[in-house]
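Only one structure is covered here, and it is reproduced in the block below.
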C-alpha cells in the first residue's frame with residue numbers, strides 16, 4: 001500500500017509529454033497523507049490542467065462521516081470493483097511525486113523507508129479521480145494505483161505505486177485509450193526504484209521538512 005509520499009516541486013513538472021500546461025498550484029510537502037488535498041493532473045478537453053483533490057476516492061453516493069475511502073486501487077482488480085469502474089474508464093490522473101514511503105515490519109517495530117527513482121527525478125504515479133457532491137459541496141478526490149513491488153524492494157513491502165513512464169502519460173490521461181492494454185503493461189514495475197530507511201518522524205502527519213527524506217542509518221528505538 002502507498003500511504004504517504006513527497007512532492008516538493010523542485011521542478012515545475014513542465015514536461016513536453018503534457019504540454020501545454022500551466023504551472024502547478026503551490027503545494028510543497030515532504031509528507032503527503034491521505035485525507036489531505038494534493039495537486040493532480042487531469043485531461044481538460046484536448047489539453048491538460050492541474051487540479052487539486054483529496055487523497056481517498058469518494059464515490060458518487062453520499063458517505064457517512066465514518067465511511068473509509070480507498071487511497072489505493074490494485075491494478076489487478078481495479079476494473080472489477082464498482083467504486084473504481086467509472087473512474088478507471090473516464091477519469092484517470094497523474095499524481096506527481098519525488099518519492100513515496102513504505103514501512104518495513106519486523107516482529108515488534110515498523111521502519112519507514114523512502115523510495116525514489118534511481119536518478120532522483122520526479123515522477124508521475126498512475127491515479128484515478130472522481131468529482132462528487134458531499135453535503136452540498138463538490139469534492140474532487142483520487143486514489144493511487146498499486147502493483148506488486150519490484151524484487152529489490154520486496155523485503156520492505158509487497159506493494160508499490162504504479163509509476164508511469166513519461167511516454168505513457170498522455171495515453172493514461174486520454175479517455176479514448178483502451179485502458180486494458182495499459183493496465184496489462186503496468187502489471188509489474190517498469191522503473192528502477194531505490195530505497196533507504198528514514199526517520200520515524202514521518203509517522204506523524206504533522207511533521208514536514210527535508211529531514212524526513214534524509215537517510216537514517218541507526219536503528220530506532222521508538223517508532224510508533
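Residue numbers (the numbering used here): 1 to 224. No residue lacks a Cβ here, since even glycine has one placed at the ideal position from N, Cα and C.
query                                                                                                                                                                                       : result
Could you tell me the alpha carbon to alpha carbon distance between residue 232 and residue 137, rounded to whole angstroms?                                                                : In this structure the chain extends from 1 to 224, so residue 232 is not present and cannot be described.
Suppose you measure from the CA of residue 49 to the CA of residue 202; what does that come to, to the nearest Å?                                                                           : 30 Å
Classify residue 93 as helix, strand or coil using the three-state DSSP reduction.                                                                                                          : strand
What is the rounded straight-line gap between the Cα of residue 112 and the Cα of residue 195?                                                                                              : 10 Å
Between which two residues does the alpha helix (DSSP H) holding residue 147 run?                                                                                                           : Note, residue 147: premise wrong, no alpha helix (DSSP H); beta strand (DSSP E) at 137-148.
When we look at the beta-carbon of residue 106 and count the other beta-carbons within 10 Å, is it buried (16 or more) or exposed?                                                          : exposed
For the beta strand (DSSP E) containing residue 38, name the first residue and the last one.                                                                                                : 37-44
Could you check the C-alpha separation between residue 37 and residue 3 for me, to the nearest Å?                                                                                           : 14 Å
Please work out which residues of its chain come closer than 6 Å, Cβ to Cβ, to residue 53, disregarding the five sequence neighbours upstream and downstream, and give them in chain order. : 40, 129, 140, 141, 142
Quick one: what does DSSP say residue 117 is sitting in, helix, strand or coil?                                                                                                             : strand
For residue 87, which of 68, 131, 99 has the nearest alpha-carbon?                                                                                                                          : 131
For residue 213 and residue 70, I'd like the C-alpha separation in whole angstroms.                                                                                                         : 25 Å
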